[in-house]
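Below: the structure, in structure tokens.
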Amino acid sequence: MAALWNLRIALLTGLAVTLLGAFYIYQSPSPLDFTLPHRTSGNNLPGLEVSLSQKSRDPPTLLVTVENNHSDTTYTVLKWNTPLDPYALDTGVFNIVDETNHREIEQAIIHITRKMPPPPNQLLTLAPGMREEVEIVFDRPWMPQRRPATYRISANGAFKGAWAKHREELTKDELYAFAASPFSGRRFAANEVIMEI
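Okay, here's the thing in structure tokens:
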């Protein structure tokens, strides 16, 4: 009798775990994908150029320009962890070196929880010949207060998500799976610029 009772408990427990697992998967806000995001073999997005220039000294501001020089391809890129990201100074996108002592400035890097799927204002679409400009004010508490000062600044990294189409054509599933987008992992590298404060 005890063996029958243990068998029933084991079967009921297995059924309960299966039902709870199925409910979790069904209610999950994003599709579960157990594959590793693929990385493309190319280094960058053909024709997409990222450049930096100093906009002002007070407050110390850089102008980030992204331009699509490709003859016939429209690109949409996810801004996260790029110089276009509103949190670029908080996520370590920029490499900042003091020109006086040639030491890298230690930045306070924070982890940011992002809303999924990425909202439209976090996507940039550039048709051929178009450009986008963003001003970045270097006003964080970790920036040295010494004046005058000169810094060498660069930015490089990888696009978390990138597509060869307009953002209006992207489906919700494609946005959830941005890491598996056709150009995910493609590199960006901005020119090095001297910022004088």
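Per this note's numbering, residue 527 is the first one in the sequence shown, and the count goes up by one each step. Where is the CB? At the ideal position from N, CA and C, for every residue including glycine.
- One Cα belongs to T539, the other to P643, and the distance between them is close to 35 Å.
- For the pair T608 and T544, the Cα-to-Cα distance works out to about 41 Å.
- The C-beta distance from F709 to A690 rounds to 7 Å, short enough to meet the 8 Å contact threshold.
- Taking 8 Å as the cut-off, the beta carbon of I662 is found closer than this to the beta carbon of T587.
- Between the alpha carbons of A684 and L537 lies a gap of roughly 49 Å.
- Under the Cβ criterion (8 Å, minimum of three pairs), the stretch 592-599 does not count as touching the stretch 633-642.
- The bridge partners DSSP lists for Q580 are L588.
- Under the three-state reduction of DSSP output, N621 falls in the strand class.
- The stretch 573-592 makes contact with the stretch 654-673; the number of CB pairs closer than 8 Å reaches 3 or more.
- Rounded to the nearest whole angstrom, the C-alpha separation of D616 and N532 is 55 Å.
- Here A542 carries a helix assignment [DSSP, helix/strand/coil].
- At a Cβ-Cβ threshold of 8 Å, R583 and I720 do not count as neighbours.
- At the C-beta level, R693 and T602 come within 8 Å of one another.
- The continuous alpha helix (DSSP H) containing E700 extends over residues K698 to Y702.
- Nearest Cα to G573 within the set K581, S579, P585 and T599: T599.
- Note on geometry: alpha-carbon atoms of T639 and S579 lie some 29 Å from one another.
- DSSP, read as helix, strand or coil, puts I535 in helix.
- In the three-state DSSP reduction, A684 falls in the strand class (E or B).
- In this structure, Q648 and W606 form a Cβ contact; the two beta carbons are roughly 6 Å apart against a cut-off of 8 Å.
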